[in-house]
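Residues in the sequence shown are numbered from 13 upward in steps of one, following our numbering. The beta-carbon is built from N, C-alpha and C at its ideal position, and this holds for glycine as well. From a predicted model like this one, the values you see are computed outputs, not experimental measurements. Worksheet for the structure shown next.
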Amino acid sequence: GSVAFLLPLSIQYAVLHTKAVRRAGYKGNPLNLGVHLFEQILKQRSGVVLSQHEYDEVWKLLAYKDKK
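Laid out in structure tokens, this is it:
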């Protein structure tokens, strides 16, 4: 199947979570981070570490206003 749709999603993720993606070991500006993330997704058979979020950042990922 086609995996081309993953490239723009990887770039978008890297732009939104730049610091966390860098903590996972990726290097470069947000665009390059997304490309490197995409390349890792293609290379690995059983998953990749997308990002490493700090505790306080995790709460910002919740979609509810009260963060519960």
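Given residue i, which residues of its chain have a CB within under 7 Å of its CB, disregarding the five upstream and five downstream residues?
i: residue 15; result: 54
State the Cα-Cα distance for the pair residue i and residue j, rounded to the nearest angstrom.
i: residue 60; j: residue 52; result: 7 Å
i: residue 36; j: residue 62; result: 7 Å
i: residue 78; j: residue 67; result: 17 Å
i: residue 73; j: residue 31; result: 14 Å
i: residue 65; j: residue 28; result: 12 Å
i: residue 20; j: residue 50; result: 9 Å
i: residue 57; j: residue 43; result: 23 Å
i: residue 18; j: residue 24; result: 10 Å
Which class does residue i belong to by DSSP, given the choice of helix, strand or coil?
i: residue 57; result: coil
i: residue 14; result: coil
Could you pull out every residue in the same chain whose Cβ sits closer than 6 Å to the Cβ of residue i, ignoring the five residues on either side in sequence?
i: residue 45; result: 26, 33 and 38
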